[in-house]
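Trainee: In the order they appear, the protein sequences are chains Z and S.
For reference, each letter of the first sequence is one residue, going 3 to 323 in our numbering.
For reference, each letter of the second sequence is one residue, going 3 to 323 in our numbering.
Even glycine gets a Cβ: it sits at the ideal position worked out from N, Cα and C.
Protein chains: 2
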Amino acid sequence: MSFRIGIDLMGGDKAPTEVIRGIRRYLDQASEPAELHLFGDWDAAKPLLDQESIPEAAYQFHPTKEVIGMQEHPTRALKEKPDSSLSKGFQLLAGGQIDSFLSAGNTGAMLVGSLFSIQALEGVLRPTMGTVMPKLNGGTGLILDVGLNADCKPEHLNQFATMGTVYARHILEIKQPKVGLLNVGEEEGKGNLLAQATYPLLKENTSINFVGNIEGRDLMSDKADVMVCEGFTGNILLKMAESLYDMAQHTGIQHPFLDRFHFENYGGTPVLGVRKPVIVGHGISGSLAFSNMIRLAEQMLRTDILTKMADEIAGTRKITQ
Amino acid sequence: MSFRIGIDLMGGDKAPTEVIRGIRRYLDQASEPAELHLFGDWDAAKPLLDQESIPEAAYQFHPTKEVIGMQEHPTRALKEKPDSSLSKGFQLLAGGQIDSFLSAGNTGAMLVGSLFSIQALEGVLRPTMGTVMPKLNGGTGLILDVGLNADCKPEHLNQFATMGTVYARHILEIKQPKVGLLNVGEEEGKGNLLAQATYPLLKENTSINFVGNIEGRDLMSDKADVMVCEGFTGNILLKMAESLYDMAQHTGIQHPFLDRFHFENYGGTPVLGVRKPVIVGHGISGSLAFSNMIRLAEQMLRTDILTKMADEIAGTRKITQ
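Structure, rendered in structure tokens:
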């Protein structure tokens, strides 16, 4: 069966041009491409689709008239613009006509759509969003949450650890991902109240390989693969990490390691813990990012990662109850 | 009047050699050197003092027999080792025989000593510790808290903003320091519960020049000079920033901007909000760091910064009550 991947052609600063170029890149690399469902303005998209020689057989087009702007209020925009590419995508995702949806548009609207159009996986208290973090040894870590949940409880962080582990295993292909609790010191008992209360839960969580506390200096090291924190700290770290690429540009430093902080190349970040793969792209995503987002959606579907996540969450709950 | 600055000769990984070399550097640069009070093992220190040609007139020696190790439990060590260089320093600071104390020894013991041997400034709810943050434009910002207070309330962050402003004005010599609240978005109303509740307090604080929320990407920018957050996030950011220097070493990147993240050169960070200047040095401080720590203590005494801080705190309290 071919997976049906929904793509918002109108989302992102460089839409629709770069989205369609990204589709071209994806098609060039895919041996058995997924069934692409494109949402957007037909008149704007058609010439670009032709220009990139995207065959009509490669996609189904869902014409929409409205566009949700990057600065619009998420909930209001989704409600008031049902005929926007972003709203329509979620409608079809919720209705089962597509299997996954991706957009580099209004992040807030993507999150609201993920949380309310489609539901959380059974047992998941709070869906989360992570971001990859380049390691000095060439590997890749995952930090979560990076902003979906600014205030968290220990049991939320514990579930992030489980979901992050499943993601790291099946998408980052790390066999036995090491889980670290981001904290202010190495020893058990260190930290703010949240970290102190989270540590024992992680220690008892049999779905993960908990290696203890990690510190800010360990983010680029190999100490942990999955790094867990609440979304306030995580979001600030993510944006600081992103700024390292800007720092390199500004200072003229050229080095492949710093290039890896150019996050818009990665192709967006999935919302974890909802029933279907939703990929949220960076506003300034280019064609490489879009092709990577399509591949990520495909990979998440192919590995059936959400079922695996639900199973692990169910297992964790059974043990902790 | 000459200021009396206490120096722990035994604190730090490279003590006492680098401490004494740092004293030499300080004396070489000072036109009217402060009165130095040295705490430590006389037999270990004497040959080094001679080797560095430190004249006997430049210091008073307070011989101590014990040393508090870097890994010892702070409260217990201070209690059980009253004849250690670190304990003795705080005893004389509390007793008024010295005006300031600095050490690169056990950080926890330095903090416990600061909080319990000498008291908080009147009206200060929670003393704090900040760290400087290099800016891309060549300037220097200040982040606080960076670990003294892992859990905070809005009124704590509000006082950190006031104390940070006084420090930035008189020590970093920024005339009208811009204060930013570290947050996950720019707009008022963004953030976790703490940040949301802190924003209005900062807005009403007439002792500071509040410029609104700043994000992780703004840390190295000129958006704010004083960046306020709780000590959990701040500590992780500090250690991540420190690791940028290690990253440069590891990858072989050479650039003056990254050299500025070599924090042990800065010469320690003061505890703000206590009645006397206490400077906490980095464990791996070298002679440059120690000479800078002495100069910082001197500068804090010369500018009478703690009185200014107490005045501003009193003003803020009057307004908010």
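What is the rounded straight-line gap between the Cα of Glu-314(Z) and the Cα of Gly-270(S)?
Mentor: 46 Å
Trainee: Which partner residues does Ile-281(S) have in the DSSP bridge list?
Mentor: Note: Ile-281(S) sits in a beta bridge opposite Leu-104(S) and Pro-272(S).
Trainee: Should Glu-244(S) be flagged as near chain Z, meaning a C-beta pair shorter than 8 Å?
Mentor: yes
Trainee: Report the rounded CA-to-CA distance for Asp-45(Z) versus Leu-11(Z), giving the unit in angstroms.
Mentor: 12 Å
Trainee: Could you tell me which chain S residues have their CB closer than 8 Å to the CB of Met-222(Z), listed as they occur along the chain?
Mentor: Ser-245 and Met-249
Trainee: How many whole angstroms separate the CB atoms of Arg-27(Z) and Ile-56(Z), which I take to be in contact at a CB cut-off of 8 Å?
Mentor: Not quite, the Cβ-Cβ distance comes to about 11 Å (not below 8 Å), so this is no contact.
Trainee: Residues in the region 145-179 of chain Z with C-beta within 7 Å of chain S's C-beta atoms, listed in sequence order?
Mentor: Gly-149, Ala-152 and Asp-153
Trainee: What whole-angstrom Cβ distance do Val-8(Z) and Ala-106(Z) have, given they're in contact under 8 Å?
Mentor: In the sequence on display, residue 8(Z) carries Gly and not Val. 13 Å between Cβ atoms; not a contact.
Trainee: Step through the CB atoms of chain S and report whether any lies within less than 8 Å of the CB of Glu-37(Z).
Mentor: No - not a single Cβ of chain S is within 8 Å of the one on Glu-37(Z).
Trainee: Please classify Gly-214(Z): does DSSP put it in a helix, a strand, or coil?
Mentor: DSSP places Gly-214(Z) within a strand segment (E or B) once states are collapsed to three.
Trainee: Under 8 Å between C-beta atoms, does Val-273(S) make it to chain Z?
Mentor: no
Trainee: Find out if the Cβ-Cβ distance for the pair Asn-160(S), Leu-204(S) is shorter than 8 Å.
Mentor: Asn-160(S) places its beta carbon less than 8 Å from that of Leu-204(S).
Trainee: Buried or exposed: where does Phe-118(Z) fall if 16 or more other Cβ atoms within 10 Å of its Cβ makes it buried?
Mentor: Exposed is the call here.
Trainee: Does Asn-194(S) come within less than 8 Å of chain Z when only Cβ atoms are used?
Mentor: yes
Trainee: Which one or two residues does DSSP pair with Ile-120(Z) in a beta bridge?
Mentor: Ile-120(Z) is not bridged to any residue.
Trainee: Applying a beta-carbon distance threshold of less than 9 Å, which residues of chain Z neighbour Phe-259(S)?
Mentor: Met-249, His-252, Thr-253 and Ile-255
Trainee: Which of helix, strand or coil does DSSP assign to Lys-180(S)?
Mentor: strand
Trainee: Rounded to whole angstroms, what's the CA-CA distance from Arg-219(S) to Thr-164(S)? Just pull it up for me.
Mentor: 23 Å
Trainee: Nearest to Leu-228(S) by alpha carbon, out of Ser-289(S), Gly-71(S), Phe-162(S) and Arg-128(S)?
Mentor: The identity of residue 228(S) in the sequence shown is Val, whereas the question assumes Leu. Nearest to Val-228(S) by C-alpha distance, out of Ser-289(S), Gly-71(S), Phe-162(S) and Arg-128(S), is Phe-162(S).
Trainee: Can you tell me the Cα-Cα spacing of Thr-322(S) and Ala-312(S), whole angstroms?
Mentor: In this predicted model, Thr-322(S) has a pLDDT of only 49, less than 50, meaning its place in the structure is not dependable; the value taken from the coordinates is given anyway. C-alpha separation (whole angstroms): 15 Å.
Trainee: Counting only Cβ pairs nearer than 8 Å, list the residues of chain Z close to Thr-235(S).
Mentor: Phe-234, Thr-235 and Ile-238
Trainee: Since Ile-2(S) is in the beta strand (DSSP E), which residue starts that stretch and which ends it?
Mentor: Residue 2(S) is absent from the structure shown; chain S starts at 3 and stops at 323.
Trainee: Hey, out of Phe-234(Z), Leu-303(Z), Pro-156(Z) and Pro-179(Z), whose CA is closest to Ala-197(S)'s CA?
Mentor: Phe-234(Z)
Trainee: Could you tell me whether the Cβ of Val-282(S) comes closer than 8 Å to any Cβ of chain Z?
Mentor: no
Trainee: Name the chain S residues whose beta carbon is nearer than 9 Å to that of Gly-140(Z)?
Mentor: Identification of chain S residues near Gly-140(Z) by a Cβ-Cβ cut-off of 9 Å yields none; the smallest Cβ-Cβ distance measures about 11 Å.
Trainee: Of all Cβ atoms in chain Z, is any one closer than 8 Å to the Cβ of Arg-219(S)?
Mentor: yes
Trainee: Could you tell me how far apart the beta carbons of Leu-146(Z) and Val-230(Z) are, in whole angstroms, since I believe they sit closer than 8 Å?
Mentor: 6 Å
Trainee: Let me make sure I understand the geometry here. Which of Gly-254(S), Tyr-247(S) and Lys-310(S) has the alpha-carbon closest to that of Pro-136(S)?
Mentor: Tyr-247(S)
Trainee: Do you know whose CA, among Thr-305(Z), Gly-283(Z), Leu-150(Z) and Gly-275(Z), lies nearest Val-126(Z)'s CA?
Mentor: Gly-275(Z)
Trainee: So, does the CB of Leu-117(Z) fall closer than 8 Å to a CB anywhere in chain S?
Mentor: Not one chain S Cβ lies under 8 Å of Leu-117(Z).
Trainee: Among Ser-287(Z), Met-72(Z), Val-280(Z) and Ser-293(Z), which has the Cα closest to the Cα of Ser-116(Z)?
Mentor: It is Val-280(Z).
Trainee: According to DSSP, is Ala-197(Z) part of a helix, a strand, or is it coil?
Mentor: helix
Trainee: Quick test of your reading: Ile-22(S) and Glu-54(S), contact by CB under 8 Å. State the CB separation rounded to the nearest angstrom.
Mentor: 5 Å
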